[in-house]
Every structure is written in structure tokens, then in C-alpha cells.
Amino acid sequence: KERGSRSFNYGAYHPLESIYQAMDDLVAEHSEIVSKQQIGESYEQRPLYVLKFSTGGKNRPAIWIDAGIHAREWVTHATALWTAKKMASDYGQDPSVTSLLNTMDVFLMVVANPDGYVFTHTKNRMWRKTRSKTPDSSCIGVDPNRNWDAGFGGPGASDNPCSDSYHGPKPNSEVEVRSIVEFIKSHGNVKAFLSIHSYSQLLMFPYGYQCSEINDYAELDDVAQAAANALASLYGTQYRVGPICSVIYQASGGSIDWTYDYGIKYSLAFELRDTGHYGFLLPANQIIPTAQETWLGLKTILEYVRDHPY
Amino acid sequence: LETFAGDQVLRVEPCNEAQVRLLKQLQAREPLQLDFWRSPANANEAVDIRVPFACLQDVKVFLESRQIKYSILIEDVQALIDEETREMNLSER
């Protein structure tokens, strides 16, 4: 058994229990800046946790980061956990992280779809969706990144419950999505929303549900390009940067479209290193390199958000 | 426990909009149970599809008969999963 985050093997994949234990260990070791909050319960009644990084203050401007909303993208959960450890241990050491956490809070959701994650460990490694039941269908689950209230039910989402991109019966029907939406609304001071996915190396910003340009296109394009350059500086991993609609394809009901329309200007989504040659089974020896390079990209965005309050 | 023995991942490279439309038609064929890892969007952009073993031949015939270029990205998905499981067990020990 791994005891404490110092001996945790960040270069391996873990079941949900180990990840939740590692989060508790991190909180215990860095209790002055890290705490754990439960923001809801999944469809199968697993707790939905976020790690809160804060040095105090009341309702400070905040940055949200989530990983693993698509269950099978295991390298995202692993990257998020490594990132949590990195931020906690760099506070007080790295001036950038120290200054960030002295100014803003960071909320990090390591496992956004725990039911799906457990299902990938026990029944179907390629599962992507939630595990909710759809009335009048034998098919299970909703694509939680088609379930947000942003062009819901439009192009790039399926109305077939058996599809991997099924949008669900209504916006926010999935408790995993609804819990995040309620958290963001009740917090009221979230300034950046970053969602971590994996496949084909992209860094995207709104929109996905329509192909029109957002008002902040130039600024987000610059920030994303800078982040992609920082990321590439470590191992040369090349990212494509741009709006979801043109960089990948039109897809409605996505998280960063909703957050952008809700007023969170810095809404971006990463698609981490995965060439496709291993599918969603990125070899374990690539977990830490992926996390390391992603951290450089993330840090560029975090610094920009810190330095450009709105 | 769902197994993926014999399932392959195909990288399809449509060269024009007509081929993109054909791939979208393929995507809409629910009985095939194709898992699109990257959906068809534009010409000259790769589309990755996990194809269950049972309909591998149908899909390859569909692509070949329409001159849509593809290659096999993953020969056997289950072999990868087995390797990953082995690594996880090792790591646990």
C-alpha cells in the first residue's frame, strides 16, 4: 500500500479508491493550502470531490480545472493528480505558484466522472459516458461533455441514447454536470475554467456549438498559443490551437462553451498527448512526461489569468 | 467484462468533402456500434474509429469500395488492454 503522497507512484494508473486516498494524503500533508470539498454525488452515489488550493481570503477570484469527464481518458486523471502534488509542493518554492495562490484560489477536480472511471476499471475500458439510466432505452449513460446548456442538442451531439455522444434528455440532466454548474454559480467569482481531456493534442477555446468567432478570439488565441509553445518546450509535443469548431469539429453542449457564455472569459480545453497509436491507453511511462509538459502550458494560462483580472 | 479481442482502430483519411459525408453516414449506422475517437469533420483530417471485430470486414469493404484511404492504427485493442493490465499489476506489486 502506498502511504502518503511522497511514496505514491505517479507514473502508474490507479483505481478510484487509490486516487481518492492520494487526495486525502495530499490534503493531510499540505493542510495549510489544500483542502477537499465535496460538491455533489454521482449517479451511482460516489462523492464528487474538488481539491481547493487557497492561502486564505474570502471568495477570492478562482480558477477551475477539471479532468476525466470522459472516463476512459485515464492520463487526464493521472495528470491532474500529479498537478495537484506539483502545485502543493511548489507553493513557497516557485515564485509563480506562490504569487498565484497568494492572489487566487484554484479548484481542481481530479475525477469528474467517477462512475464512468470505475466502470472502465471493472467492465469496459473504452467507456466514455456517465452511468445514468435512460427511460425507455436499454442503453446507459450520457456524454457529459454534450450535456451542458450551450447549444444543447445541436450539431455534433447525438439524440440516440446508445451513442457515445448522446446529449441526454435535457441540459444538466447528469448530476456530474449539474454539480459543477451549481458550484460555479454559487461561487460567483470563477475567472478561468480549464477542462482536461486527452486525444490528439489540441488546446481549444469556444465555440463548439456554433462556428462563429467569440469576442475574445484574439486574446484567447494568443494565450492558448503561448501555452502550447510553453508545453512544447519540454519534449516538443506539438498542439493545434483554436476554437473547438474549427480545430476539431462542431460539437454542442460542451462545458467551456457554457462557462464562456456564463461570463468566464478564460475558458479553455486541453486534449493531452495521445497520438492515437495507443488509443486511450497511453503507456504508463508517458504519464509523468505528459503531466510535466501539461503543467508548463497550464502555468502559462494561470499566470496570464492572474495578471489580467477582469 | 467487455472484451475487445480482434477490435481494431482504423485511421481514415478522407480526401474530399464527399468522403467526409460518407464517413458521417457510416457514423450514423448504429447497428455497427462503431466508436468514433475522432469524428469526421473536414477533408484531409484524420478520423479514428474503433471497429468491433464482428463488423471489421463490413467497414473495410465500405471504405475500400469508395476509395477512402485508411490504415490500421491499432491491430488488436485487447492486446493493448492486456498489456496495460499487466503494467498495472506490476506497479501494484
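Protein chains in written order, with my numbering: chain A, 1 to 310; chain B, 1001 to 1093.
Glycine included, C-beta positions come from ideal geometry on N, C-alpha and C.
Open item on the list: Output needed for D105/A: all residues of its chain with C-beta closer than 7 Å, excluding positions within five of it in sequence on either side, in chain order.
Closed with: Start at 1 with the first residue of the first sequence, and residue 105/A comes out as number 105. Short of 7 Å from the beta carbon of D105/A, and not among the five residues preceding or following it, lie these beta carbons of its own chain, in chain order: K52, F53, S54, R60, A62.
Open item on the list: Can you confirm whether the stretch 221 to 228 of chain A touches the stretch 141 to 150 of chain A when touching is taken to mean that 3 or more C-beta pairs between the two stretches lie within less than 8 Å?
Closed with: no
Task: C-alpha distance - R72/A paired with Q1067/B, whole-angstrom precision - done: Your numbering for residue 72/A matches position 72 in the first sequence. Your numbering for residue 1067/B matches position 67 in the second sequence. Cα-Cα distance, rounded: 32 Å.
Task: Which residues DSSP lists as bridging M204/A, in chain order - done: As a position in the first sequence, residue 204/A is number 204, starting the count at 1. DSSP lists G242/A, A269/A as the bridge partner or partners of M204/A.
Task: Among A88/A, S18/A, G263/A, nearest to L1091/B - alpha-carbon criterion - done: If you number the second sequence from 1, residue 1091/B lands on position 91. The sequence given here places Ser at residue 1091/B; Leu does not occur at that position. For the residues A88/A, S18/A, G263/A, the minimum Cα distance to S1091/B belongs to S18/A.
Task: Beta-carbon contacts of E182/A that lie in its chain and below 7 Å, excluding the five residues immediately before and after - done: Here the question's residue 182/A lines up with position 182 in the first sequence. Excluding positions up to five away in sequence, the list is empty.
Open item on the list: Below 8 Å on C-beta distance, what does N160/A contact in chain B?
Closed with: One-based indexing of the first sequence puts residue 160/A at position 160. Near N160/A (Cβ distances below 8 Å), the residues of chain B are E1030.
- [ ] Buried or exposed for G253/A, please, with buried defined as at least 16 other CB atoms from any protein chain shown within 10 angstroms of its CB.
- [x] By 1-based counting over the first sequence, the position of residue 253/A is 253. Counting Cβ neighbours within 10 Å, G253/A comes out buried, since at least 16 surround it.
Open item on the list: So Q1057/B and D1007/B are supposed to be a Cβ contact under 8 Å. How far apart are they, rounded?
Closed with: As a first step, residue 1057/B is located in the second sequence; it is residue number 57 there, counting from the start. As a first step, residue 1007/B is located in the second sequence; it is residue number 7 there, counting from the start. Rounded, the Cβ-Cβ distance is 13 Å, inconsistent with contact.
Task: Any C-beta of chain B under 9 Å from that of L281/A - done: In the first sequence, the residue the question calls residue 281/A occupies position 281. Cβ-Cβ to chain B under 9 Å: yes for L281/A.
Open item on the list: Is the separation between the beta-carbon of L318/A and that of S96/A shorter than 9 Å?
Closed with: No statement about residue 318/A is possible, as the shown extent of chain A runs from 1 to 310 and does not include it.
Open item on the list: Is there a C-beta anywhere in chain B that falls below 9 Å from the one on Y166/A?
Closed with: By 1-based counting over the first sequence, the position of residue 166/A is 166. No, because no Cβ of chain B sits closer than 9 Å to the Cβ of Y166/A.
TODO: Flag this pair as yes or no: are the beta carbons of M23/A and V110/A separated by less than 9 Å?
DONE: As a position in the first sequence, residue 23/A is number 23, starting the count at 1. As a position in the first sequence, residue 110/A is number 110, starting the count at 1. For M23/A and V110/A, yes; Cβs fall inside 9 Å.
Task: Within-9 Å CB hit, R1038/B to chain A - done: Residue 1038/B sits at position 38 when you count from the first residue of the second sequence. Yes, R1038/B lies at the interface with chain A (some Cβ there is under 9 Å from its Cβ).
TODO: Assign P309/A to one of two classes, buried (16 or more other C-beta atoms within 10 Å of its C-beta) or exposed (fewer than that).
DONE: Locating residue 309/A in the first sequence gives position 309, counting from the first residue. So P309/A ends up on the exposed side.
Open item on the list: Is there a C-beta anywhere in chain B that falls below 9 Å from the one on M204/A?
Closed with: Taking the first sequence and counting its residues from 1, the one referred to as residue 204/A is at position 204. With 9 Å as the cut-off, M204/A does not count as an interface residue toward chain B.
- [ ] Say whether the stretch 231 to 238 of chain A touches the stretch 144 to 163 of chain A, bearing in mind that this needs 3 or more beta-carbon pairs closer than 8 Å, one atom from each stretch.
- [x] no
- [ ] Select from E174/A, S99/A, P15/A the residue whose C-alpha is nearest the C-alpha of T1085/B.
- [x] As a first step, residue 1085/B must be located in the second sequence, where it is residue number 85. The candidate whose alpha carbon is nearest that of T1085/B is P15/A.
TODO: Return the residue from the list Q1019/B, P1052/B, D1035/B, Q1025/B that minimises the CA-CA distance to K1069/B.
DONE: Here the question's residue 1069/B lines up with position 69 in the second sequence. Looking at the Cα atoms, Q1019/B is the closest of the given residues.
Task: Contacts that L1001/B makes with chain A (C-beta to C-beta distance below 7 Å) - done: In the second sequence, counting from the first residue as 1, residue 1001/B sits at position 1. In chain order: K123.
Open item on the list: Going by DSSP, what residue range makes up the beta strand (DSSP E) through E1030/B?
Closed with: Here the question's residue 1030/B lines up with position 30 in the second sequence. For E1030/B, no beta strand (DSSP E) encloses it, and the DSSP letter there is neither H nor E.
Open item on the list: Give me the DSSP bridge partner(s) of S35/A.
Closed with: For this step, residue 35/A is matched to residue 35 along the first sequence. Note: S35/A sits in a beta bridge opposite K52/A.
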